[in-house]
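Novice:
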Amino acid sequence: MTTTIEVPTATQVHRATQAGIAHKKKARASRALVLPALVFSVILTQVPFLVTIYFSLLNWNQLRPSEIKFAWFKNYAVVFTGPDFLPSLFATVVITGSSVILSLLLGLFFAVLLDRKFVGRGLARTLMITPFLVMPAAAALIWKWSLLDVNVGMVNWALHLVGLSAIAWNTDLPVVTIIMMLTWQYTPFMMLILLAGLQSQSREVLEAASVDGAGPWRTFQWMTLPHLRQYIEIATLLGSIMLLQAFDPIAIMTKGTGGTKTLSYLLYERAFIGLDVGQAAAFGVVTVAVTIGVATIALRTLFKVFINGGER
Amino acid sequence: MVRTVISALVIVLWCIAPFYWMIVTAFRDVGFTYDTTPWPTHVTLANFETAFSTALGNHLGQAMLNSLFIGATVTVVALLFGISAAYALARLEFKGKGIISGAILAASMFPGVALITPLFQLFTNIGWMGTYQALIIPSISFALPLTVYTLTSFLREMPWDLEEAARIDGCTRVQAFRRVIMPLAAPAVFTTAILAFISSWNEYLISSQLSSDATQPVTVAIAGFAGSQPHVEPYTAIMAAGTIVTVPLVILVLIFQRRIVAGLTAGGVKG
Numbered sequence: 001m002t003t004t005i006e007v008p009t010a011t012q013v014h015r016a017t018q019a020g021i022a023h024k025k026k027a028r029a030s031r032a033l034v035l036p037a038l039v040f041s042v043i044l045t046q047v048p049f050l051v052t053i054y055f056s057l058l059n060w061n062q063l064r065p066s067e068i069k070f071a072w073f074k075n076y077a078v079v080f081t082g083p084d085f086l087p088s089l090f091a092t093v094v095i096t097g098s099s100v101i102l103s104l105l106l107g108l109f110f111a112v113l114l115d116r117k118f119v120g121r122g123l124a125r126t127l128m129i130t131p132f133l134v135m136p137a138a139a140a141l142i143w144k145w146s147l148l149d150v151n152v153g154m155v156n157w158a159l160h161l162v163g164l165s166a167i168a169w170n171t172d173l174p175v176v177t178i179i180m181m182l183t184w185q186y187t188p189f190m191m192l193i194l195l196a197g198l199q200s201q202s203r204e205v206l207e208a209a210s211v212d213g214a215g216p217w218r219t220f221q222w223m224t225l226p227h228l229r230q231y232i233e234i235a236t237l238l239g240s241i242m243l244l245q246a247f248d249p250i251a252i253m254t255k256g257t258g259g260t261k262t263l264s265y266l267l268y269e270r271a272f273i274g275l276d277v278g279q280a281a282a283f284g285v286v287t288v289a290v291t292i293g294v295a296t297i298a299l300r301t302l303f304k305v306f307i308n309g310g311e312r
Numbered sequence: 001m002v003r004t005v006i007s008a009l010v011i012v013l014w015c016i017a018p019f020y021w022m023i024v025t026a027f028r029d030v031g032f033t034y035d036t037t038p039w040p041t042h043v044t045l046a047n048f049e050t051a052f053s054t055a056l057g058n059h060l061g062q063a064m065l066n067s068l069f070i071g072a073t074v075t076v077v078a079l080l081f082g083i084s085a086a087y088a089l090a091r092l093e094f095k096g097k098g099i100i101s102g103a104i105l106a107a108s109m110f111p112g113v114a115l116i117t118p119l120f121q122l123f124t125n126i127g128w129m130g131t132y133q134a135l136i137i138p139s140i141s142f143a144l145p146l147t148v149y150t151l152t153s154f155l156r157e158m159p160w161d162l163e164e165a166a167r168i169d170g171c172t173r174v175q176a177f178r179r180v181i182m183p184l185a186a187p188a189v190f191t192t193a194i195l196a197f198i199s200s201w202n203e204y205l206i207s208s209q210l211s212s213d214a215t216q217p218v219t220v221a222i223a224g225f226a227g228s229q230p231h232v233e234p235y236t237a238i239m240a241a242g243t244i245v246t247v248p249l250v251i252l253v254l255i256f257q258r259r260i261v262a263g264l265t266a267g268g269v270k271g
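Sequences listed follow chains A and B, in order. For the first sequence, the UniProt record's numbering assigns the number 1 to the initial residue and increments by one for each residue that follows. For the second sequence, the UniProt record's numbering assigns the number 1 to the initial residue and increments by one for each residue that follows.
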């Protein structure tokens, strides 16, 4: 974590050059060993997408299997002019955007909480990350039944305690339900990245600030937040990419009703309920394009880190 | 002190309460489904029997074995290819390294939902629908980018001088890697294995379309759960099934927390 802000020293550069020369000698033998794995990785991760692009250019509905033919960009025309696309894009933006912002804020709150020393901090941190690692399908069920159900849900029980009537979250407020669930799930991820950022902050600088009379809030605002900037960026970008793909909670809790039909759920519906392979594939390509739009910015940041091994 | 109490309270409410409520419901008699007493009442194990009852159409036991089998295979294959690929990316110089790293990194951001159409067609054509390999191969392609980039960032920090030294002493590159680097890299490999396993264990989307009753993993099994009485929503049995699949994972996380945190931040912060 600390290496992220280091500049490569002269010795490191020298060593890298030396290593480069040494590599060339036995490079062929090692390539023969290692490249098949790389090729396999690339094929397995890239080919399905190429096939999707090909399918998106076909006129192919499974209800009419005899009419498969090449249709150029007809499916895209249907996607962009159809009545489903804009509402779905809107739903995607609302759900992804709110979940990212909320989980980032909560993540920051928990990261600050866990950055302090207290008894059982390790245990608390572990418990904090469980929502991110627990099976999303099971998490969706916990939320659907255990927390939000009208009759037996904990949230409605708590509402009842303070004298409010139960809310049928799942059917009355489906968008809120999905956002709550996704926020719960992704807060730990945001927290981990931000906590790494907090812990890489120099203690001396913070102490110096407090000696100079800066209060905790001013220190946080002027020292900690600027320091966290790059971590917040990375957390936001990775979080957006993962949340754009969120599918399990929507499939299990709302089935795309009430404004929760995001691009990924719409695509699923086209493929498996509409049985239109060509259109579904076109939606897939559009979804990927949206994700890539977000990811390009992420890639630019991450790429440097990935290639240079944490030195930039 | 006050700080400790407040922190503890917030964290308990945030992460423990949902699980606690699930466990309490899981042990409650089905006749008292609508009882919302916040502590265990009418304790029974019957819900767990319902959850495992094949007579009611719940294949939880089989599904857990399927998930274990799929997860183990995916982890082993992804690690075999992941270690070699990560070694190449962290240690060798070759043309197109940047493009390959980029392609693998991009694949980890790829929405899985875009793949189900071609996969469905492909597996129908070659008669693989509902087979284990139809679930394992896509899962590998999801686990592989994660494996490669987590391992690459770990391997980059290995003391490669030692490997050079071993080679000067007469080891081949493979020997040097196996005898010097592998033992040092073992914790990183183990961390990656846990993450790869969790990613496969949690996979729902692809499996929900490509599995059959016999091969369905536990994610699919609990999503389509049936209860002992046809007209009552099987809350208690669902919660029992939920308890069975989440509690082991929570324990796993507690045991390996340090490694998991290291792995998640290596993949996240360092890309």
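Backbone N, C-alpha and C fix where the C-beta goes; we use that ideal spot for every residue, glycine too.
Using a Cβ-Cβ distance cut-off of 9 Å, determine whether Ala226 of chain A contacts chain B.
Specialist: In the first sequence, residue 226 of chain A corresponds to position 226, counting from 1. The amino acid at residue 226 of chain A is misidentified as Ala; the sequence shows Pro. For Pro226 of chain A, no CB of chain B lies under 9 Å from its own CB, so it is not counted at the interface with that chain.
Novice: Name the DSSP beta bridge partners of Leu58 of chain A, please?
Specialist: Counted from its first residue, the first sequence places residue 58 of chain A at position 58. DSSP output for Leu58 of chain A lists A:Phe70 as bridge partner(s).
Novice: How many Å lie between Ala282 of chain A and Pro136 of chain A at the Cα?
Specialist: On the first sequence, position 282 is the one that residue 282 of chain A refers to. On the first sequence, position 136 is the one that residue 136 of chain A refers to. Spanning the two alpha carbons is a distance of roughly 27 Å.
Novice: Relative to chain A, which residues along the stretch 66-84 of chain B have a C-beta separation below 7 Å, given in chain order?
Specialist: Phe81 and Ser84
Novice: Name the chain B residues that come within less than 9 Å of Gly122 of chain A, Cβ to Cβ?
Specialist: In the first sequence, residue 122 of chain A corresponds to position 122, counting from 1. Residues of chain B passing the Cβ test: Gln257 and Arg258.
Novice: Using a threshold of 9 Å, state whether the C-beta atoms of Gly284 of chain A and Ala55 of chain B are closer than that.
Specialist: In the first sequence, the residue the question calls residue 284 of chain A occupies position 284. In the second sequence, the residue the question calls residue 55 of chain B occupies position 55. For Gly284 of chain A and Ala55 of chain B, no; Cβs fall outside 9 Å.
Novice: Can you tell me where the alpha helix (DSSP H) holding Lys97 of chain B begins and where it ends?
Specialist: As a first step, residue 97 of chain B is located in the second sequence; it is residue number 97 there, counting from the start. Segment Lys97 to Ala107, the alpha helix (DSSP H) holding Lys97 of chain B.
Novice: Would you say Thr52 of chain A reaches chain B, if we count a Cβ-Cβ gap shorter than 9 Å as a contact?
Specialist: The count along the first sequence starts at 1 and reaches residue 52 of chain A at position 52. Taking Cβ atoms only, chain B reaches closer than 9 Å to Thr52 of chain A, which makes this a yes.
Novice: Applying a beta-carbon distance threshold of less than 9 Å, which residues of chain B neighbour Leu267 of chain A?
Specialist: The count along the first sequence starts at 1 and reaches residue 267 of chain A at position 267. Here the neighbours are Pro111, Val113, Ala114, Ile116 and Thr117.
Novice: For Trp72 of chain A, decide whether its Cβ has a neighbour in chain B, counting only Cβ atoms nearer than 9 Å.
Specialist: Here the question's residue 72 of chain A lines up with position 72 in the first sequence. Answer no: the Cβ-Cβ gap between Trp72 of chain A and chain B never drops below 9 Å.
Novice: Which residues does DSSP list as the beta-bridge partners of Val51 of chain A?
Specialist: Reading the first sequence from its first residue, position 51 is the one you call residue 51 of chain A. Beta-bridge pairing links Val51 of chain A to no other residue.
Novice: Would you kindly work out how many angstroms separate the C-alpha atoms of Ile238 of chain B and Met22 of chain B, rounded to a whole number?
Specialist: Taking the first residue of the second sequence as position 1, residue 238 of chain B is located at position 238. Taking the first residue of the second sequence as position 1, residue 22 of chain B is located at position 22. Here the alpha carbons of Met22 of chain B and Ile238 of chain B stand approximately 9 Å from one another.
Novice: Classify Asp276 of chain A as helix, strand or coil using the three-state DSSP reduction.
Specialist: Working through the first sequence from its first residue, we reach residue 276 of chain A at position 276. Three-state result, Asp276 of chain A: strand.
Novice: Comparing C-alpha positions only, which one of A:Leu86, A:Ile53, A:Ile193 and A:Thr81 sits nearest to Phe70 of chain A?
Specialist: On the first sequence, position 70 is the one that residue 70 of chain A refers to. The shortest Cα separation from Phe70 of chain A among A:Leu86, A:Ile53, A:Ile193 and A:Thr81 belongs to A:Ile53.
Novice: Return the CA-CA distance between Thr236 of chain A and Cys15 of chain B, expressed in angstroms with no decimal places.
Specialist: As a working mapping, residue 236 of chain A is identified with position 236 in the first sequence. As a working mapping, residue 15 of chain B is identified with position 15 in the second sequence. Going from the Cα of Thr236 of chain A to the Cα of Cys15 of chain B covers about 22 Å.
Novice: Measuring only the C-alpha atoms, how far is Val78 of chain A from Gln175 of chain B?
Specialist: Here residue 78 of chain A is taken as the residue at index 78 of the first sequence, counted from 1. Here residue 175 of chain B is taken as the residue at index 175 of the second sequence, counted from 1. Cα to Cα, the separation comes out at about 58 Å.
Novice: Find the nearest neighbour of Asn66 of chain B within the set B:Pro234, B:Gly242 and B:Trp201, judged by alpha-carbon distance.
Specialist: Working through the second sequence from its first residue, we reach residue 66 of chain B at position 66. Answer by Cα proximity: B:Trp201.
Novice: Under 9 Å between C-beta atoms, does Cys171 of chain B make it to chain A?
Specialist: Along the second sequence, read from residue 1 onward, the residue named residue 171 of chain B stands at position 171. So, not an interface residue.
Novice: Given a threshold of 16 other Cβ atoms within 10 Å of its Cβ, counted over all protein chains shown, does Thr245 of chain B qualify as buried or as exposed?
Specialist: Taking the first residue of the second sequence as position 1, residue 245 of chain B is located at position 245. A small fix is needed here, since residue 245 of chain B is Val in this sequence, not Thr. Val245 of chain B should be labelled buried.
Novice: Name, in chain order, the residues that DSSP records as bridge partners for Val43 of chain B.
Specialist: In the second sequence, counting from the first residue as 1, residue 43 of chain B sits at position 43. DSSP, once it has assigned bridges, lists B:Arg28 as partnering Val43 of chain B.
Novice: Taking buried to mean at least 16 other C-beta atoms within 10 Å of its own C-beta, is Met242 of chain A buried or exposed?
Specialist: The count along the first sequence starts at 1 and reaches residue 242 of chain A at position 242. The residue is buried, with at least 16 neighbouring Cβ atoms inside 10 Å.
Novice: Within 10 angstroms of its Cβ, does Thr96 of chain A collect 16 or more other Cβ (buried), or is it exposed?
Specialist: Indexing the first sequence from 1 puts residue 96 of chain A at position 96. Buried: at least 16 other Cβ atoms inside 10 Å.
Novice: Give me the residue from B:Gly112, B:Thr147, B:Phe69 and B:Pro111 with the minimum Cα distance to Ser101 of chain B.
Specialist: Residue numbering aside, residue 101 of chain B sits at position 101 when the second sequence is read from its first letter. Closest by alpha carbon: B:Thr147.
Novice: Kindly give me the distance between the Cβ atoms of Ala221 of chain B and Leu60 of chain B, rounded to whole angstroms, as I take these residues to be in contact under 8 Å.
Specialist: Residue mapping note: residue 221 of chain B aligns to position 221 of the second sequence, counting from 1. Residue mapping note: residue 60 of chain B aligns to position 60 of the second sequence, counting from 1. Contact holds; Cβ gap of about 6 Å.
Novice: Taking 9 Å as the threshold (beta carbon to beta carbon), is Tyr132 of chain B in contact with chain A?
Specialist: The sequence position of residue 132 of chain B within the second sequence is 132, counting from 1. No, because no Cβ of chain A sits closer than 9 Å to the Cβ of Tyr132 of chain B.
Novice: Can you check the stretch 218-298 of chain A for any alpha helix (DSSP H) of at least 4 residues that lies completely inside it and give the ranges in chain order?
Specialist: Here the runs fully enclosed are 225-244 and 263-272.
Novice: Where residue 279 of chain B and Phe142 of chain B are concerned, what is the direct C-alpha to C-alpha distance, given to the nearest angstrom?
Specialist: In the structure as shown, chain B starts at 1 and stops at 271, and residue 279 of chain B therefore has no counterpart that could be examined.
Novice: Taking 8 Å as the cut-off, is the beta-carbon of Thr171 of chain A closer than that to any non-hydrogen atom of the ligand NAD?
Specialist: Only the bare structure without any ligand can be found here, which leaves the ligand NAD out of the picture.
Novice: Sort A:Asn170, A:Gln279, A:Asp115 and A:Trp157 by Cα distance to Ser56 of chain A and report the nearest one.
Specialist: Residue numbering aside, residue 56 of chain A sits at position 56 when the first sequence is read from its first letter. For the residues A:Asn170, A:Gln279, A:Asp115 and A:Trp157, the minimum Cα distance to Ser56 of chain A belongs to A:Gln279.
Novice: Is it the case that the stretch 245-261 of chain A contacts the stretch 195-203 of chain A, given that we only count it when at least three CB pairs across the two stretches are under 8 Å?
Specialist: no
Novice: Could you spell out the range, first to last residue, of the alpha helix (DSSP H) harbouring Gln62 of chain B?
Specialist: By one-based count along the second sequence, residue 62 of chain B stands at place 62. Taken as a continuous stretch (DSSP letters only), the alpha helix (DSSP H) holding Gln62 of chain B covers Leu60 to Arg91.
Novice: Using beta carbons (cut-off 9 Å, strictly below), is Ile101 of chain A in contact with chain D?
Specialist: No chain D appears in the structure shown, which is made up of the protein chains A and B.
Novice: When we look at the beta-carbon of Tyr34 of chain B and count the other beta-carbons within 10 Å, is it buried (16 or more) or exposed?
Specialist: On the second sequence, residue 34 of chain B is found 34 positions in, with the first residue counted as 1. With fewer than 16 Cβ atoms within 10 Å of its Cβ, Tyr34 of chain B is classed as exposed.
Novice: According to DSSP, simplified to helix, strand and coil, what is Gln216 of chain B?
Specialist: One-based indexing of the second sequence puts residue 216 of chain B at position 216. Of the three classes helix, strand and coil, the one that applies to Gln216 of chain B here is coil, per DSSP.
Novice: Name the residue from B:Asn58, B:Arg173 and B:Val24 whose alpha carbon lies nearest to the alpha carbon of His42 of chain B.
Specialist: Along the second sequence, one-based indexing puts residue 42 of chain B at 42. When each option's Cα is compared against that of His42 of chain B, the closest is B:Val24.
Novice: Which whole-angstrom value describes the C-beta separation of Ser98 of chain A and Thr187 of chain A, a residue pair presumed to lie in contact below a C-beta threshold of 8 Å?
Specialist: Here the question's residue 98 of chain A lines up with position 98 in the first sequence. Here the question's residue 187 of chain A lines up with position 187 in the first sequence. The pair is not a contact, with the Cβ atoms about 13 Å apart (cut-off 8 Å).
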